[in-house]
Amino acid sequence: MTDLTPITALGGTVARSEDFGVLRLTEQPDLSLASLSLRKGQGVPSPFGLTLPGVGQSSQAGEYGAFWIGRDQWMIEAQGTQDIAAMLKAEVPEASVTEQTDGFATFEISSAGGAGPLEAVMRKLVNLDPQAFEPGAATRTTLEHISVFLVRRAEDRLAVIGMRTYAGALWHALSTAARRIGAQTDGELAK
Amino acid sequence: MLIPHPLLGLRDAQEFTYLGDASLMHRPDPAREDAVAAFADYVFLRDNPAGVHRELWFHEAGDRSWLVVTRDTTTHEILGAELASDVKLGGVQ
Amino acid sequence: MTRLSKGGLIDRDARLRFSFNGTEYSGYQGDTLASALLANGVQLMGRSFKYHRPRGVFAAGSEEPNAMVTLRDGARAEPNTRATMTELYDGLSARSQNHIGSLERDLLAVNDLLSPFLAAGFYYKTFMWPKAFWEKLYEPAIRRAAGLGALSMQADPDEYDKGFLHCDLLVIGGGAAGLSAALTAGRAGAQVILADEDFALGGRLLAERDRLDGAEARDWVAITRAELDSLPNVRVMPRTTVFGVYDHGIYGAVERVADHLPTPGDKVRQTLWRITAKRAVLAAGATERHIPFADNDRPGIMLAGAMRAYANRWAVTPLKHANDPIAIFTNGDDGHRTAMDLIAHGARVLGVIDSRADAPCFGQYEVFPGATVTGTKGRQSLYAIEITRNGQSEWHSVGALGVSGGWNPNVHLASHHRGRPVWDDALLAFVPGPNGPQGLIPAGAAAGKGGVADALADGMQAAITALLEIDIAAKPIPLPQAENAPAAQEAFWHVPGKRRAWVDFQNDVTVKDIVLAHKENMRPVEHLKRWTTLGMATDQGKTSNISALAVMAELTGKTIPQTGTTIFRPPYTGVSLSVLGGGDTGPHFRPKRLTPTHHWAEAQGAEFVEVGPWMRAQYFPQPGETHWRESVDREVLAVRSGVGLCDVTTLGKIDVQGADAGEFLNRVYANMMGTLKVGMVRYGLMLREDGHCYDDGTCARLAEDHYVVTTTTANAGLVYRQMEFFRQCVWPDLDVQLISTTDAWAQIAVAGPQSRTLLQRIVDDADISNEAFPFMACRELTICGGLRARLFRISFSGELAYEVAVPARYGHALMQRLMEKGADLGVTPYGTEALGVLRIEKGHAAGAELNGQTTAQMLGLGRMVSVKKDSVGAIMSRREGLAGDKRRLVGLKPVNAQKPVAAGAHLFAKDASRDMANDQGWVTSACYSPHLDSHIALGFLEDGDTRMGEVITAANPLEGQEVTVEVVSAHFVDPEGGRLRD
Amino acid sequence: MTFSGFKVVKEALTGHKGWRPLWRDPDPKPAYDIVIVGGGGHGLATAFYLAQTFGELKVAVLEKGWLGSGNIGRNTTIIRSNYLLPGNEPFYEFSMKLWENLEQATNFNSMVSQRGIINLIHTDGQRDAYRRRGNAMLLAGADARLLGRDELRQMVPFLNFDNPRFPIKGGLMQARAGTARHDGVVWGYARGADQRGVDIIQNCEVTGFRIEGGAVQGVETSRGYIGAKKVGVAVAGNSSRVMAMAGMRLPIESHALQAFVSEGLKPTIPGVITFGAGHFYVSQSDKGGLVFGGDIDGYNSYAQRGNLPVVEDVIEGGMALMPMIGRARLLRAWGGVMDMSMDGSPIIDRTGIDGLYFNGGWCYGGFKATPASGYAFAHLLATDRPHETATAYRFDRFARGYVIDEKGVGAQPNLH
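Protein chains in written order, with my numbering: chain A, 1485 to 1675; chain B, 1400 to 1492; chain C, 2 to 983; chain D, 13 to 428.
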C-alpha cells in the first residue's frame, strides 16, 4: 500500500460529523464507487451478485450496492476503499467501467426523530416529493446549484452524493438546512 | 416547469438544459453536393413555431439523457417527451 | 380611544406596546398596526405619492393603498409596509413615509396646490427646454421627490429560506370556501396545503357577523382549523401568500415565518416555497371597490367592508372622536351591512346614502335613497360630508364614511397565465375566465360566489371536482347552516362633479385624469394605465382598476368588458427581495469548487482567484515578496530552470469507452483521434458546428476502446453536454459510453527540466526515461508504493513536463510528497498567474484566444481541421467569412522591453490614424516574461503571419497609452519545441 | 399642437380644455407607398424618420393591438452604446446620438436620462475583455471609461465590496448611457409620425402578404386588404410567424425574457449597473422603482411570461450585488417575447421578395436600438441602400460566415 495519507473530501483526516437536534450529518469517506455502462447490445449483468436496479432505484447485495444513474448505466458501491473499478471490470469485462470513488463526496443525513425531520430537510433542499421518495429510491437532482445523487437508505437515512470538489459547499447547504430544521421543536415538524 | 421524463416521470425543468429545435438531430450529410448550404440551413434557420414545438432538453442534473419534448410555445403545455436516442434510432422523421 | 368595549378577535389580556412616528401607543394581541392605530384615534397614517395628500387607512387587507409605513428601524427597516397586514407585536416601531417635515406638516403638500399643472402625462409635454436642463435640473428634482419609503442602505441581517412542497390540492385562501375545500379534501385523504395571507384563518368570516349553525362563524372556523391541524395529510400555512402561478402546477408562495416577532431569533424571517400542486382551488375571496366622488380621499373615509372588519374583528371604529356619527355611501345592499354591524356595536350611524332610488332598509337607521356624496371636509380628518339628492345638497357632520361600490373577485392568480377574466353582468364584476392556469379552480367569492352559504358549498364542490380529476374520490361533507347576505346592487361607478374624485389613491389618479386621457386618445386600457400611472402603485390598483375601466367605458360609450382589463402579473402582493434572493448573499452566493490541493495551498499562504466556480491558487507569495509580480516571476523562472508544481485538476476529464470510441472522437474533434496509438496523447481541437473554435484539450488513449479526454476548465460541462448530444441525438448507432471524471482525479502538472528527475523519485517501477516514455506518452502506473496513478507527458509551458493524476483524496499528500522529494531540485509550486505567463511565453491559446469568436486558422491551427474526414464544424469552417479571415495569432514584443502592453489594446500600423477603419486587431493576452526580461503579448493581427518583424502600435486610448511593439512569433520560448522532447 | 411648459401652464389655468388627441385613429386607406407592419418602437420610429427625414408622405403603420404593446412597453429602459464589434458599435453609437436629440426631434419628453452605465469587472480576464471593448467604443466615437475599484466604490458605495462571492474589481463605464421612459418613446414617435401625416392604425392585424411575381403587392389585414409598394416588417418577438406568411424561415428563435420592478423607493441608485457574475442589471426609475432584469428563461416561448427559477436567479444576483435592497419588495414581473437571433445581433435587410423588408432579431437589446433601427430601416426602405451604420445586419451573413457574435457562443440563441 502507498504511504501517502489520504484526506477526506472536506479536507480532514477523519470524517466530519455534526449533530443538529435530532439530525446528524456525517461525511462518509469509505465508500468506493465505480460506474458501469453497458456496451451496445450487452445484456444486464449481475456483478457481485447484485440485481442491477430499475429506473430510480437502488439495490443491495452484501457489501455491495448499486443505484441507477441512467439508461443502461449504474453506479456500483462498495464499503471500504478498494480498487472497485478493477474488481468490477473483472466481474463484467465486456462493459465500460469507470473509477468514480473520488469523483464524489458522500454525506449521510440521519434522523433520530423518524422520517419527519429528514423529510423536512429534503423539502428545504430538493424538488422531490419526500413521500414519494421511499427507502430504496435513488436519483440525481440539483441541490443549491450543485448536482447530487440522493439515495434513500432508509426511512430515516438519506445519502447525498455530490461532486467531490463541491464538498465544502455541499456541507454548507446541508448543514444550514439541518441546523434550521434541527432547531425547530417537534410540533413544528409534524408535517 | 415540469418535464415529463419518459423514464423518471415529472421532473423539475431546472434539472435540464435546453438546446432548441429537435431538427438539430438531423445533421446533413457532409458528403452531399450542397453540403455548405445544407449545413447553413441546419445550423442557422429555425421554424420557431408559435404552437407545437419539438425540442431538445438535456437532463444534465439527472440521468444525462437527451429528450425530445413536444411543447406548445404559446401556453408552455407539454404534450409529450421521448428519449432522443429512441427517436433517432426509431427513424422518426 | 375608539376601541369598542367588547368583542373582536383580540386578546385584551395581552397588551402590546408600539410606536408610530415616535409616539408610544398600545394595542392587543390580534391587532394589526392599522387596527391598533385606529383604536388609538390615529387616522392620518401616510401621504399620497404625487400630491402628498394626507391619507388614512382605506382597507383592512392586502389591497390597502394608503397606510404604508416603514416598519422597524436600522438594518431591519422595511419600507412600504402595509399597516393593514402588519401583525402587532410588542415593541413594534413604524414611521410614516413620503413627507418632508412631519407627517402632519409635509412641505411637499405644496404639490397638491400645483395639481392643475401636474395632470396626467404632464411631464411628457414639458421639461424639454433648454435641452440641458432636463438632466441637470428637472429630472434631479423629480427624482428627489420620487419613491415612497427609503432603504436603510444596510444589508438585511435576517436569514431566509427556500423550499419545495408537493401536494394533491393547494387551497389558496382560508375563508369560507377555502376552509370547506380543505376540509373536504383533507377528509378524503388527499395531500392538502391550505395557505392564507392572513395570520388567522377565516377570511371574511372573521370580519362579518354571519352565523354558521346558529353560532358565531369564528366558532366554526376554530373547530375546522383544529380538525385540519389534526389531519396528517393537511398542512395549514397561515401568513403565507401564494403570489404567483407558474407553469405545470407550480405556485410561488412566501411564508412570513417571523414577521410577527420582534426579531426572528433562531428562525428564518421568511421562506419561499415552490409548491407543486396537482390541482389548486383559488379561494382568494374578493376585494371591495369604492365609488369615486369629490374629495373622497380624506382620512376617515374607508371601504365599508373594511369598516365592518375593524368593528367585528378588531373592535374598533375609524373615528378620531369616539362618538362622532358614521355615514355609509353605497350602491348596493352590502353597504347596509356595515350600518347594521356598527349599530350592533353601539356606534352612531348617520345613515346610509344609497345611490339607488329604491334603496332598501334593513334595520334601525336612516336611508338616503337616490343620494350620493358630493363633497367632504376635513384636511387631516373627515368632519363633514355633502349629501346630494335630487339636486339638493346638504352638509352633515360625520367622523367617518364607509364607501361600498361592490366587490371584485380576486381573479389575479386565475389570470397569471394571461387568460382574461370575463364580465359578469349580474355581479357587475369580472370573474375568472375559462382560460386560466390548468388545474386551478376558482371557488367562493373569487369565483363570484361571495355569499357565505354559496362559498361554503362552492369550496366543497371545487375540491371534489379537482380531486376527481386526479382520481381521488372525495365525498361531500356536512356544511354548517348559513345564509347568503342580501347583495343586490346597481351599476353606479362614480359621482360626477367638478372637484377631484380619486380613483387610484396611492398614485393620485382622479376621474379628471381619466377624462384627460380619453381626450388625448389614451383610450386603450394599457394606454390609460401608462398615461395616468393608474394601478401602478404598490397596491397594483386592487381597489382602483375596475372603477377606472368603468369611467373610461362611460367616456367611450363602450361596455366595461369591451374596454378590457390590464394584464394580471405576479406577484399578487409585493414579495421581499430577500426571500426571493434566498439569503446567501455573501461568499455562499454560489457554490465554490475547491481543488484537491486547496487546503495545502492555503497552508502555504497562497492567494486564490475565482475561475468560474473554482477557487484556484493564483500565486504563492514567499516571505519578503511585497508584490505579486515578484512571486510570479520566481515561479515562472523555477519552471523554466528547475521544476514547478501546479494543480490542474480543474481541466475537465471525460472518460470515453466503447468499440466506436475512436470513430466518435474522430467526429467530434477536428483532428484525427482514431489513429492515436494506445499509450499516447494527442492535442485535440474541437469546433462548434458553425465552424468556430470551441475548445481544446488532450485525448489520451488508455486502451483500444478507452480514451480519456481533457477540456478547458471553463468548458468542462459544456463539452460533455455537446458530446452527449452527438452520442444520443446524432450518432446513437455508435457504441460509445461517456462519463465525466473531472473530480475523481487530482491532477498535478510537474513541469520543468528537472521534472523527470523528480518524478522518477516517486514512480514505483515504471520506466519513464525519454526513450520509454517520450513526449505525448501516457501510462497507467503506480507511485509512492502502490498508489494507482496516470502519467501523461504533456506540456503547457513548453518545458519538459508531465501531468500526474492520482485518486483525488491523495492529491494533497502527493503535493506534499513532491515538495519533499524535490526540495534539492528547487521544486516550486506555481499558480494560475505563472501558468498564464508560461503559456503566453510558449504561445499557447487560452480563454482570451479561444473566446468563441476565433477560428482554427486565426490560431494558426488551420491544418488541424482534417480534410480526410468529416467532423463537427468542418463544413462550416470553410465558409468565405471564416476561410477569408486574415487575422492571425502573433507574438508582440514592446520595442522598449520594460513597457507593459495592455491586453485589450487595439493594433494599428505605426502611422495609421487611430480609428475603426485602421483597426487591425487586438492584444489578447499580455504579461511580463521574466525569462526574456521583457513584457510580451499575444494578439490577433490582420495578415499577422506575414508581418513578422514589423513595428506596429498597440493603442489603449481608454487608459491613454500607446506602446510600440514588434510583431514576432507567438512562440517566444523554444519555437522548435526541443525542450518538450528531451 | 406643440408641447411646452408654457402650454402645460396655460392648460392648467384654463381647465385642460385645449388638449387634443396625441394621434388620430384613421381608417386604413386602400393603398400606401410604404406600409410598416408593427406599431412598436421600431415600427413607429421607422415611420417617423420616413416622414421626417426621407420625405415619404404615404406611410401607414399597422398594429395588431395597441401602440407599444410589444417589448417597447415592457423592458428595462436601458440605452447604451457599449458594444465591441465593428458591425455593432457604430450603429448603437448612432442610436445614442439620436437619443440625445430625441425630445427636440419629436417635441415629446421621452425622459432620456444619461445617468451612465457601469459593467462590473470581477476578474482580470474580464478587465482585459472590457479594455478591448472600451477601446473599440472610443475608436467608434463613443465614450468609455475604465474604473478602478476605489473610484467605483466612491460612485456606488452600496455594492457588496467587502464580502462577495465574486469580487468587484472595477468597471467599464459609459457616462452617456442611461435610460429613457419606454412608453414616452412610443408616444413621442407615434405623435411625431402622426403629425407628419403617417396613418397609425391600431387593432389591425396583418394576416398575410399578397405576393405576385416575386414582388409584394400589399398586406391582408383584419381590416381588409391594404396595397403597398413596399412593406417593412418590424415585429420583433413575432418575426418568425409573420415572415412565415411570406414563406421565409429566419435565423431567429422566440424566447421569454422577464423584467422586474420593485415598489417605489427613495432614489439611491444613480445609473445603470450590470453585474456580470450574477445575471443582473438594475437602474432606478424616476418614480423610484428599482427596474431590473437578468437572463432569458432559456426555452422557446411566445407566452409573454416566464417562470420562477429565473425570478429567483435574477434576484439572487441582485441581493449578492446589493444586499441592502433585501427589505424592499418585488412589485411586478413581466415577460416579453424576444427575437433571439443566431449570433445575438439584429437583421435590417431586404428579403428575397421584392418590396418586402425586414427588421428584427433584436434579442434583448431592441430598446436601446429604437432610434437607429427606425432611422436605418427608413433609410433602407426609402433608398434601397442600407444605412452606413447598419451594413453588417444582412441575412446572408450567416450562410457566408460573417456573424456578429459579441458573446462568442455560436448559433445558440438562448446563450446570447
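Glycine included, C-beta positions come from ideal geometry on N, C-alpha and C. Fair warning: this is a prediction, and the values are worked out from it, not measured in the lab.
query: Beta carbon proximity, Lys593 of chain C to chain A, threshold 8 Å; result: yes
query: Min CB distance Thr497 of chain C to chain D below 8 Å; result: The sequence given here has Pro at residue 497 of chain C, not Thr. False, the Cβ-Cβ gap to chain D never drops below 8 Å.
query: Val1605 of chain A at chain B interface by Cβ criterion, 8 Å; result: no
query: Boundaries (first-last residue) of the beta strand (DSSP E) holding Leu320 of chain C; result: Run containing Leu320 of chain C: none; DSSP gives neither H nor E here.
query: Spatially closest choice to Asp206 of chain D from D:Lys19, D:Tyr61 and D:Gly364, by CA coordinates; result: D:Tyr61
query: Proximity below 8 Å, CB of Met816 of chain C to CB of Trp601 of chain C; result: yes
query: Identified DSSP bridge partners for Ser274 of chain D; result: D:Leu342
query: Per-residue contacts from Trp111 of chain D into chain C (C-beta, under 8 Å); result: Going along chain C, no residue has its Cβ under 8 Å from Trp111 of chain D, so there is no contact; the nearest lies around 12 Å.
query: Cβ of Gly1461 of chain B within 8 Å of any chain A Cβ; result: yes
query: At least three beta-carbon pairs within less than 8 Å, the segment 192 to 207 of chain D to the segment 17 to 31 of chain D; result: no
query: Partners in chain B for Arg982 of chain C, counting only beta-carbon separations shorter than 9 Å; result: The premise fails here: Arg982 of chain C is roughly 36 Å from chain B at the closest Cβ pair, so nothing lies under 9 Å.
query: Straight-line gap, His1656 of chain A to Tyr620 of chain C (C-alpha atoms, nearest Å); result: 27 Å
query: Beta carbon proximity, Asp585 of chain C to chain B, threshold 8 Å; result: no
query: Within 8 Å, strictly: CB atoms of Gly51 of chain D and Leu34 of chain D; result: no
query: Minimum Cβ-Cβ distance from Glu1481 of chain B to chain A less than 8 Å; result: no
query: 8 Å Cβ cut-off: residues of chain C touching Trp1465 of chain B; result: Glu725, Phe726, Gln729 and Cys730
query: Interface residues of the segment 867 to 885 of chain C facing chain B [CB-CB below 8 Å]; result: Asp871, Ala875, Ile876, Met877, Arg879 and Arg880
query: Partner residues on chain B for Glu690 of chain C, Cβ-Cβ distance less than 9 Å; result: Leu1423, Arg1426, Phe1438, Tyr1441 and Val1442
query: Any C-beta of chain D under 8 Å from that of Asp1446 of chain B; result: yes
query: Closer than 8 Å to chain C by CB, Asp1514 of chain A; result: no
query: Outcome for Asp696 of chain C when other beta-carbon atoms lying within 10 angstroms are tallied against a minimum of 16; result: buried
query: DSSP state of Thr650 of chain C mapped onto helix, strand, coil; result: coil
query: Contact list for Leu815 of chain C against chain A, beta-carbon separation under 7 Å; result: Leu1488
query: Closest Cα partner of Ile194 of chain C within the set C:Ala223, C:Ile276 and C:Arg145; result: C:Ile276
query: Unbroken stretches of the beta strand (DSSP E), 3 residues or longer, contained in the segment 471 to 518 of chain C; result: 503 to 505
query: Leu108 of chain C - containing alpha helix (DSSP H), residue span; result: Element bounds for Leu108 of chain C: n/a, residue is neither H nor E.
query: Cβ separation of Ala717 of chain C and Tyr708 of chain C, assumed to be a contact under 8 Å, to the nearest whole Å; result: Ala717 of chain C to Tyr708 of chain C, Cβ: 16 Å. No contact.
query: Interface residues of chain C facing Lys22 of chain D [CB-CB closer than 7 Å]; result: The premise fails here: Lys22 of chain D is roughly 10 Å from chain C at the closest Cβ pair, so nothing lies under 7 Å.
query: Chain-ordered chain B contacts of Arg1624 of chain A [CB-CB under 7 Å]; result: Ala1460, Gly1461 and Asp1462
query: Three-state secondary structure assigned by DSSP to Met859 of chain C; result: coil
query: C-beta neighbour in chain B for His249 of chain C, strict 8 Å; result: yes
query: Ser1631 of chain A: contacting residues in chain B (beta-carbon distance under 9 Å); result: Glu1414, Glu1459, Ala1460 and Gly1461
query: C-beta neighbour in chain C for Val1498 of chain A, strict 8 Å; result: no
query: Spatial neighbours of Leu1 of chain C in its chain, beta-carbon cut-off 6 Å, leaving aside the 5 residues before and after; result: Lying before the first or after the last residue shown, residue 1 of chain C is absent from chain C, which here runs from 2 to 983.
query: Local Cβ density within 10 Å of Glu470 of chain C, reported as buried at 16 or more and exposed below that; result: exposed
query: Closest by C-alpha distance to Tyr125 of chain C, when choosing among D:Val124, D:Ala246 and D:Val294; result: D:Val124
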